[in-house]
Amino acid sequence: MRLNPLLGRLPTYPTLVLDQRRASLIAAGLPVFDFGVGDPTEPTPAFIRKEMQGNVADNCRYPSVRGERRVREAFAAYAYRRFGVTLDPDTQLLPSSGSKEAIFHLPLLVLDPAAADRTVVFPDPGYSVYQRGALFAGGIAYPQVLSGDFVQRVWELPEQLLQHTRLLWINSPHNPTGAVMSHEDLHRTVETCRRYNILLASDECYADVWFERPPASVLEVAGPGAEGVLAIFSLSKRSGMTGYRTGMIAGDTRVMALLHSLRVNPGLAPQDFVNAAAAVAWADDQHAEERRGIFSQKRKVMIDFFREVGLRVVASEASFYLWVEAPGGDGQAYAERLLDVGIMVNPGSMFAVTPSARPYIRLALVPDVPTCHAAVSAWRTVL
Ligand SMILES: Cc1ncc(COP(=O)(O)O)c(C=O)c1O
């Protein structure tokens, strides 16, 4: 049988590697301090769970790709409160089954696999799905290497590359580093993409996980109608709803109409009961603030420890990730050393296509505060 050769060529998807590692630690009877997958353990707020349970109809019919208006209205109200932007719930919003699928499928909207100009630019290190979606859609994947402050400056890309680019990903707050793009950075990014007629896609799934200042959205600088711009949001991190699979795509009216006509083909539509839960989650800001409080306590435990022992945390301004320089400059070797005492962190290289992220490790602030303290004690034994 002839299969898609990409499946053999791409490295194992990062979370599968982590699952295997966790299983081998547990099998060895070791305590596991899991800072690996960005899937926090705090329960989903009760009012969200209740809303979902109360909306499972006796006969669950097919959901529509546009989803019920209620969830789009709730998101539009959130976007106005949070970013001061006005979005039309009927023409500028589509719910997604988590933001991952929306990210994976988006290249299908813009790429012509037979054309020379089919490049997709994405941050490196970065979320693996930008590259994978581009490749499966027949595109050319171009990792824009980040370093220093890990802010992506697309206006510094070579002109010839921009001329061949159809889709450009940004991600602020950024996974894996936690770096944040300023208003000015976002403004220059929008300008650059418009100049070269590139669809700008901004992954903002960590928009509500911040500690000092709320990060800006690309929608704040895209102007009315958000010409040439899409932003993708998620309730996974904001509301602790990873298992519900619920996100929202927002932006340019014309692009959204085409995206709707694309998404009806595979029928990419969250269930109505998930949309009902999403509507109450977008409508409430208090639980998101409480979650920020919890992440901020965990963050303090780990940052205080790193400061005390001289491990340098780089760029991590928002999101629940800490990007740390590995002693000796080898993230893989350091992650393996930590595994000996049950601490799971990710080598930076796991998030990068190029070798640029090898000197780093990433921690996801997943374990609760007491477990963070216990992990710090274990970490001291391998310093
Ligand atoms: C940068 C980034 N974007 C998107 C996602 C996908 O989130 P979800 O599909 O749960 O909305 C993740 C998940 O970790 C992520 O880190």
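Residue numbers (the numbering used here): 418 to 800.
Just so it is clear, CB atoms sit at the ideal spot from N, CA and C, and this is done for glycine as well.
Would you say the beta carbon of G400 is closer than 7 Å to some non-hydrogen atom of ligand 1? The requested residue 400 is not part of the displayed model; the chain covers only 418 to 800.
Where do the ends of the alpha helix (DSSP H) carrying P787 lie? V786 to R797
Neighbourhood of D757 by C-beta distance below 8 Å, restricted to the same chain and skipping five residues each side: For D757, same chain residues with a beta-carbon under 8 Å away, outside a window of 5 residues either side, are V799 in chain order.
With distance defined between alpha-carbon atoms, name the residue in P683, I587, V546 and R583 nearest to L563. By alpha-carbon distance to L563, the top candidate from P683, I587, V546 and R583 is I587.
Which listed residue (T771, G759, R630 and R779) has its alpha carbon closest to that of G748: R779
R439 and D456 closer than 8 Å at C-beta: no
Given a cut-off of 8 Å, decide if V482 and L685 are closer than it, judged by their beta-carbon atoms. yes
Mapping DSSP to helix, strand and coil, what is N692? helix
Could you tell me if the beta carbon of D620 falls within a distance shorter than 7 Å of some heavy atom in ligand 1? It does: the Cβ of D620 is within 7 Å (strictly closer) of some heavy atom of ligand 1.
Measuring CB atoms only, is the region 680-697 touching the region 474-492, in the sense that at least three cross pairs come out at less than 8 Å? These segments touch.
Looking at the structure shown, is V650 part of a helix, part of a strand, or coil, going by DSSP? Contrary to the premise, residue 650 reads as Phe rather than Val in this sequence. Strand at F650.
Going by the beta-carbon positions, is the gap between E459 and G664 smaller than 8 Å? If you check the CB distance, E459 and G664 do not come in under 8 Å.
Would you report the Cα separation of L424 and G501, rounded to the nearest angstrom? C-alpha separation (whole angstroms): 42 Å.
Assuming contact is defined by CB atoms lying nearer than 8 Å, are F690 and N472 in contact in what I supplied? yes
Residues of its chain near Y497, where Cβ-Cβ distance is below 7 Å and the 5 sequence neighbours each way are ignored: T503
Specify, as a first and last residue, the run of the alpha helix (DSSP H) that R466 falls within. Looking at the DSSP string, the run of the alpha helix (DSSP H) that includes R466 is A463 to Q470.
Does the Cβ of A743 have 16 or more other Cβ atoms within 10 Å, making it buried, or fewer, making it exposed? buried
Go through its chain and collect everything with a Cβ distance to E806's Cβ below 7 Å, but skip five positions before and after it. This structure leaves residue 806 out entirely; the chain is present only between 418 and 800.
Identity of the residues DSSP links to P512 by a beta bridge: M665
Taking DSSP as the reference, what is the three-state secondary structure of M761? strand
Taking the straight line between their C-alpha atoms, what separation do you get for A769 and S545? 8 Å
Spatial neighbours of E573 in its chain, beta-carbon cut-off 7 Å, leaving aside the 5 residues before and after: none
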